[in-house]
Each structure stands twice: as structure tokens, then as C-alpha cells.
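Quick notes on the structure that follows.
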Amino acid sequence: MDVPRVPEQRQRPDSSAESEALRFGVLGPVRARRGEEQLSMGSPMQRALLAALLLREGRMATAAELIDALWGEEPPSQALAAVRTYASRLRKVLDPGVLVSESGGYAVRGLAEGALDLAVAQELAAEAEKARGAGDLCHAREVLGRALALWDGEVLAGVPGPYAEAQRVRLEEWRLQLLESRLDMDLEQGCHAEAVSELTALTAAHPLRERLRELLMLALYRSGRQAEALAVYADTRRLLAEELGVDPRPGLRELQQRILQADPGLAEPSAPQAEPAAAPVRPAQLPATVPDFTGRKAFVKELSEVLATAEGRVMAVSALAGIGGVGKTTLAVHVAHQARTSFPDGQLYVDLQGAGSRAAEPETVLGSFLRALGTADSAIPDSLEERAALYRSVLDGRRVLVLLDNAKDAAQVRPLLPGTEGCAALVTSRVRMLDLAGAHLVDLDVMSPDEALSLFTKIVGEERVASEREAALDVVAACGFLPLAIRIAASRLAARRTWTVSVLAAKLADERRRLDELQAGDLAVKATFELGYGQLEPAQARAFRLLGLADGPDISLAAAAAVLDLPVEETEDLLESLVDTSLLESAAPGRYRYHDLVRLYARACAERDEWPPSGRDAAMSRLLDFYLATAAGVYLIERPGDRLVDHLERAEYPGLTFSDRHAAQDWLYSEAVSLLACVRQSARPETIRRAVDVLWAAVDLAESGANSREYEAVAERLREVAREAQEPRAQARALITLAYAHSLTGRFDSADEGAAQAHELATGSQDRLADCWSSNILGVIAMYQSRYEDSELHFTRAVESFRAVGDRSGEASALCNLSRTHLATDRTESAVALAEQGTAMYDDMGHDLKGANGRYALGLALTSSGKLAEATECLQQALRVFQESRQRLWEGMTLFRLAELDLAAGRPAQAAPNAETALTLLRGIGGEWRRGNVLTVLGRALNGIGHLDRAQVCWREALDIFETLGAPEADEVRSLLKPQAVA
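Read left to right, the sequence shown gives residues 82 to 1064 (the numbering used here).
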């Protein structure tokens, strides 16, 4: 691209003067600063003179040239005197020697390096071009983004004269070229979903710029929106014919044909780029190799040779199988580290948890891998097949090693294999993967006696073993030469300096029957763990047993303290001592986890050793209480004055307290998986009431997007258990959480049925708050289904019921919802009043999050009343809170409403990117009904900016959704699709 040349009139200043150096800006209003001081550049004509001099690259400008630059062909009679006056005034403001004059002409010289924003932008653009040429797209994008950020509105804003006008055109064209270059690199890096919104806005602002249209087509196609991509071409062809009488350029026509033919080359960058050194794009996920790795020379050699053949083969796969504790992971990690130099584009690792009851889902693992390889979250598709295809595409042309640890079976592994030349996979599993096509199978046996003794010696120390060699041989033999058993036993000995090797051998000799069982399947692993467990102090053993009872991938220190009923400090000491024994792992600071098999063994120990047996139930009860009390605290800190917490079951064990709303939210979202696992585990008759109340208090998880599906699944389970236990109160509350979850995903019939059952049960069990909530939810569902008479009845009853129990927060919610019904029935004035009343109540209580919901409703009412500026402010305030609170659903819906508002204000170019972003945010949450509404509005916005064919694609997709759902919105969309609607 042609880059505007920079002035060369600069010099490198002394560092002492750098902070006070002059700085000039022309990529916006003409400005000058000295350090932090903004200098006055005088009148527009005076600024025009300064701009003309700054842009002449330090060359002298004659008086005639300056007069022509400022006034063109019709200068005033006193033009020369005016130029001299402007120059004199500028010289007084600027540093001495900056504005110089020679022979009646002028020049700006002696500026510091980087003194002019245009010069900085030019240097950054050159650096970006160099980085792109070297294949470092990430750095090129980042640098180009910094260059584009230097523009501050219109170039030379407010500066008169023909020269300034010519420079404005030139520099705006350059800015667009830079922007196109950056967007092109965005697409090369897989950021197509994010680019659609920006490109939609740019094509609206620059409708005849074909390169932007081409990039938009490609971004849409790679986002799975082929019909819209083709519609962009049709819009462009029609516009060019109408405005210029020409056809699209060959590149655009070629892209259309490739899209029609589903050219595989469009699914990824045309020329794979070398990955930069940044960790997110070149992953290095291998766990640390153990420093005392011992033996296995034959296996190391065999596996290394297989990996060495990865280059030139479709894919090298080695699958290690063996009993638990035999050292599969240790060997695989060691070999992978040795082979790292053969895989310069990165190494991926995952524990597939195949030995547990809930193995890792391949689509979840693929999402994690794609993020590690630099793929943006918004670009990651939903289905397993699409993720696997994208994963293989991202790996094409790279040399990456994938370590799949602890796999359940071949079916779990297949989608995770790279499948491309130069890549390789190492798989470990308890089962031999005979059905994994093309895999090099390795059966890993126990260590030889020499290897086992060597490992034992490395851990315990040469001096202690040398004097008791026979006893040491007895120890490793008693361990069955199983590496994990040897490591545990040796670690216990190494930690106890007063023990001799003979003492340990004697202890192990008492376990002969169990050691014999080491030769038989899973019992071998259990017996190996028994060796370490038997050495624990009583308090350690109790902690080991009880913590293993909790479901979930890990457990926090505070939750562990609740399970053990101990202070946090004492709990931490116990857990860290268990980490030292290798019976527990430190997942992260303050979080702990078991290996799957160790957890099973710990539970077996609890069933066998915990006495009285009620101690197990008591431990899990304390954990449930901890989550109930803490979730209730989070709910209350986000909703001051809300009465829900007063109606929850009482928690006997205390929870955490938080100083502010953000800390509370951090806890809820970081603990979400473990909390939901505990609730699911507590779905038993004796704990069903508390379990349901935890879920109710954690209602934010239903709206977050990340945990919505698991929240709904747990609610379903609680409903079933409550019904079987004939607990009407718990059943009503479970139905409320389930109905709310269904309403968020657009399944209104199911939600209505559940909420109606909840209302009946709540009334029968005299659960007044559940009665209030069920009425409110019934109103919401009726409103969405356009049953406005029903919705008004439900909301009115909800307002009265909340008011009767003194729940002002619930009353405010029902009032804001009632506002929506008034709005839908053309009672705009009362809709505004109701929303203002509800929002004011929220504000009085200090409700930030719920206040955002109130402003959302008020924004809708103000939009309908024509008060668009006030509506915009309300919705923007709500949007900021939803973003801070990580409420993805409401963030997306607020952007959707802002798009509606933009259309009402006649701003379709602004509405389109808002609707595009809403569509991206709502992917996977909110349900098809909401998606249909967003598509309808997006179509209106695209129609408004002349993207007629693409608008039709959006409307047809929306119509398919509404017809499938039987939604009344289908009639509106049909009218939009009529020819006269787009004429």
C-alpha cells in the first residue's frame, strides 16, 4: 500500500528534555502539546498554516505555496501579510528554532523523534508490514491496531483551505487501507466472527469500497453464514450497477464463485502463517517431567522413534495402556518433553478423566485446545463435528504434539487426534485401544527389580539405601514393582528421617495379602494407595477420606474446611501434607483435587473406616450448608433488601462473606462447577430442601451462559427427587428454577407448565415467596407468548404478593415486568411510570444488577415514547452493569434493544453492529426465539444500509425459527419478506 511520507525534520532529543518536548497532532484536530500542557494554536487559518508546514516533511514552503494552500485560487488582497502574521504568532508559542524562515518562506524543523502523530503512525505501519512479511501476524495486528488508534476523528478537523481538504482525503484513504489490512489479518488468524460486526458497520459507511465487501463475505462464510455472504455479493453488484454502472471487480466475483462451490480453501487462511512465540498461539502445556525419572529405556526409545517419524506421515499415534499406577503418564510426559524440539509449533495436554464416572467431553476439550491455539471464543463452533474440523484446520501446516492422558476409550480420543502430517499424539489409558486405527500400541508393565530399586534410591537417598540394600529390595518387591506404589512408600520414608529402610520393610510385610492383590486389575491400584494411606496420621487420614466424598473436579480450601469442620489454617496444613504424600494434588493456589482413582479409593476408605457412618453424611451436609450460606450471601450482596434469603432453609454451617459485589461474583463463577456438583449430589430426600435453595440462591448461574445447561440439568434432577420424596415445597422451588431456566432458553411452553405447577404447589404448601416468584415467572412467559391479559393478571398478583411479604426487590421486579405488558398493549405513558417506579425502588435499595434490569425495562418504554436520548442512556447504563456482572444473556439482549433504538432513531449503520454483537453473545444461550428476534432486527438494519439480499437471508432464517416454534412473530417477518418491503 502507498504510505504517506512523514516529515524528516526531527532529531533525537536529550532524555532530560524529552518530557517537555513538543508534540503535534494532525490525525484529528490540529494540536500541539509541550509535555502535559496543551498549547493554543490560534484561529483556524493559523492552524491551517501549521498543518501545511508539518506535512511538508521539513521542506521550506514559499509564501506563494502557503497562500495557495490556505486560499487556493482566490486569495485575499492581504494574503501575504496574513501569512506573516500567522507565522509570527506561531513562533511565539512554539520552541525557539522550530518555525524557521528563509527568503520569505517557512519550515518546521528540529522536532523530536515521534513528535508528530502521523510520523508515529507511519513507523508503526512499516513495522506491521515487516512483521506480516515475516509471518508474525499477531504482532502485525497489534502494531497496526496501535497505528489506527492514533486517529482521533476527522483528519485536520476544522482546518480550512484546499491543501487541508486534499490531505484529509489522502489520509482517510490511507486509514482505510490500514484498516483493511488489519481486518485481512484478523481473518487469517481465525477472528472471523468478531470481524463481522465491524465490517458490517464499515460497509455501511463506505458502501462502494469493494475490498471491505470482500472481507465481509469471507468473514460471514467462515462464520457458517454462507447465504448472507452470497447476499452481500448480490447487494454489492446491484449497488455498483445503480451508482457507477459497473460490475464488481474480478476478485469479488471469484470469491462469490468459490463460496458457491464451497471451496475448502476458504475455510482457512490461503497461506498458513508461522505462529508467533506468544504462549496462547504456540502452546506449551506439558506438565513438568519428574526429576527422578528412572528406567523404561526400551519404551522411551520405542516411543521416541515413532514420534520422530511424524514428519512425512499423516500422523503418528502411540497409545500406552496399563494398570493404574504403572507410570503411563510419567513415561508419556518424559517422552513428550524429549521430543519437544521436533514439534516447534507447540504441545497440547489434557487429562481426559477416563477413569472417573464422568469422563471429559471431547467438545469441551476441543474448545480448550482451540483457545490454546489462538482461536477466539466467539469463533469456536458449538457442535463436536464442527469443533473437530476447525481443530484439524488450525493444526494444518503446524507441527504439534498432543498428549491425551487418562483416556476412557477410542471413541473419546478420535475427535482429538490432529489428523495432519507433521503432528503426533500420545495417548494413555487403562484399556488397550485395539480399535484406534493406525495407533502404535504399547503395553506398559511394572518396573524391573533394578529399575524399581533405582527409583526407590533416588527418592530416599543413596546413603540410606546402600546400608540396607536387602531391606530396600524387600520394599520394592512388596510394592509389586509398581511405580506409584514405590513412589508413595519411598516418599513416606524420605519424609521420616528417624525411620530405617528395615522399619518400612517390616510395615509393608504386614500387608502381604493386599500386596498379592496388586497383581489383579484395579485392586492393584487400591492396594498401592493403601500403603500410603496406612502411613497417615489420624487427622490426615480423616481428611483424605472425607474430602474424597465430594463430587466436582476440585475443591476450594474454604469448602474443604467445611467438609472437615476445621479452621481454614488447620485445613490448609492438612491438605498440604496430603499433597506431599501424592495422595492429593494442588490444582491451583487454594484449590485441591484427587486423581480419579485416588478419589475412588478415598471413598472406599470412608465407607470402611469412617465411624460412625453418620460422619460421612455430616461432612456432606456441612459442604451443602457452606454453599447455601455463601450463595445466599452472594445473592444478598447483589440484591440488597431482597427477601429471598429470609425464606431459604437455615444453614447450620457458615459461609464466606465478601466486601463487594465483584468479589462475590468472582466466587460464584469460579465455584460454579463444584457448587452445581454438590447440589446434584445432594438430591436426596433428606437434603432436597437445602439443595433446591442453593440452586435458587445461585440463580445468576442460569443467566451467565457458561453454566446455564448444567444449571438446568441439576434443576431437572432436583424436581424429580422432590416429586419422588413427596416434598411439595421443594418441588415448587425446583420447578421455579427449572421454569426460569426454560424461559431463558425460549422454551416457553415447558416453562409455563412448570411455573403453573410451581404456583399450585406453592399455594398448597403455603410457601409465600415461591408463590410470588411463580406468579412473576408466569407473567413473563405469558408476555413472551403475547397473552397480555394473562400476563397483566399474573404481574398484578405478583406485585401484591411481593408487597404482602415485604419483598421490595420482588415488587420492583414485578412492576418493571408489568411495564413491559403495558408497553405491549400501547399504554406507553403508564409503562414508563411503572418502569420508573420499579427502577427507583431498586436504586433506593442499592441494587446495581437488578437496577440494570429496571433500566432495561425503562429503556424499552422510553424508546416507544420517543424519548430516544433518555432511552439510550438507560440502556447504556444497564449494558455496563451486565458486562461487569458477566451476564452474557442480558448483555446480548441489551445490545439487541439498542439496535432497535438505533433503528427508531434512523441510525441503521449503528444498529447493524449492535445486532451483530448481540447475535454473537446469544449464541448457545437465550434460545431460538430470541435469536429469531435479533435476526429480524439485524435484517431491518441491513436493509436500511442497502444490504438488501443479506437482510433477506436474515429474515428467512428468522422465519424458519418462528414457524418451527409456532411463534406469532412469523407474520411480521413474512411481511418483511414481501417484495414491496425491500423495494
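Cβ atoms here follow ideal geometry from the backbone N, Cα and C, with glycine treated the same way. Small disclaimer: the values here were computed from a predicted structure and weren't measured.
In this structure, leucine 388 keeps its C-beta atom at 8 Å or more from the C-beta atom of alanine 365. Counting of Cβ neighbours within 10 angstroms places lysine 931 among the buried residues, the total reaching 16 or more. Boundaries of the alpha helix (DSSP H) harbouring alanine 851: 849-865, taken from the DSSP string. Here glutamine 248 really is in contact with leucine 136; their C-beta atoms are around 6 Å apart, less than 8 Å. The shortest CA-to-CA distance from alanine 758 to any of Asp747, Ala772, Glu767, Ala745 is the one to Ala772. Under the Cβ criterion (8 Å, minimum of three pairs), the stretch 899-911 counts as touching the stretch 856-876.
For tryptophan 692, the number of other beta carbons within 10 angstroms of its own is below 16, and it is reported as exposed.
Only residues of its own chain outside the window of five on either side were considered, and among them Gln991, Ala992 have a CB closer than 6 Å to the CB of aspartate 983, listed in chain order. Distances from the alpha-carbon of leucine 709 to those of Asp698, Asp741, Ile769, Asp747 put Ile769 closest. Contact check for glutamine 746 and serine 966: beta-carbon distance about 6 Å, within the 8 Å limit, so the pair qualifies. As for any alpha helix (DSSP H) of minimum length 4 sitting wholly inside the stretch 408-461, the runs are 409-419, 443-453, ordered along the chain. Taking 8 Å as the cut-off, the Cβ atoms of leucine 299 and leucine 268 count as close.
Per DSSP, the continuous alpha helix (DSSP H) segment holding arginine 545 begins and ends at 543-547. If you draw a straight line from the Cα of glycine 185 to the Cα of arginine 363, it comes to about 60 Å. Following the DSSP letters along the chain, one finds glutamate 183 inside the beta strand (DSSP E) bounded by residues 180-183. Here the C-alpha atom of arginine 550 lies approximately 13 Å from the C-alpha atom of leucine 536. Nearest to leucine 825 by C-alpha distance, out of Ser740, Trp971, Arg334, is Trp971. Counting of Cβ neighbours within 10 angstroms places lysine 382 among the exposed residues, the total staying below 16.
Going by DSSP, arginine 339 is part of the alpha helix (DSSP H) stretching over 331-341.
When DSSP reads this structure, phenylalanine 105 sits in a beta bridge with Ala113, Leu197. Threonine 818 has its alpha-carbon roughly 24 Å from the corresponding atom of tyrosine 734. The C-beta separation of histidine 728 from leucine 842 comes to about 15 Å, leaving the pair out of contact by the 8 Å criterion. Ranked by how close their Cα comes to the Cα of glycine 234, the residues Arg731, Ala732, Leu108, Tyr682 have Leu108 in first place. For glutamate 691, there is no enclosing beta strand (DSSP E), as DSSP marks it with neither H nor E.
In its chain, beyond the 5 residues on either side, Val414, Tyr430 have a beta carbon closer than 7 Å to the beta carbon of proline 368. The stretch 279-292 makes contact with the stretch 1026-1039; the number of CB pairs closer than 8 Å reaches 3 or more. Scanning its chain for C-beta atoms nearer than 8 Å, with the 5 sequence neighbours on each side dropped, one finds around leucine 585 the residues Ala552, Val556, Ala570, Arg573, Leu574, in chain order. Within the same chain, Met514, Asp516, Leu517 come within 7 Å of alanine 491 by CB-CB distance, once the 5 residues on both sides are set aside. With the rule of 3 Cβ pairs closer than 8 Å, the stretch 789-801 does not count as touching the stretch 711-725. In terms of Cβ geometry, leucine 225 and serine 262 form a close pair [threshold 8 Å].
Burial state of proline 331 is exposed, judged by a 10 Å Cβ sphere holding fewer than 16 other Cβ atoms. Bounds of any alpha helix (DSSP H) do not take in alanine 506; it lies within the beta strand (DSSP E) bounded by 505-510. Counting only residues of its own chain and dropping the five nearest sequence neighbours on each side, tyrosine 244 has a CB closer than 6 Å to the CB of Ala133, Ala150.
In this chain, the alpha helix (DSSP H) harbouring serine 911 covers 909-926. Beta bridge pairing from DSSP links tyrosine 673 with Ile636, Ser667. Residue environment for aspartate 781: buried (at least 16 other C-beta atoms within 10 angstroms of its C-beta).
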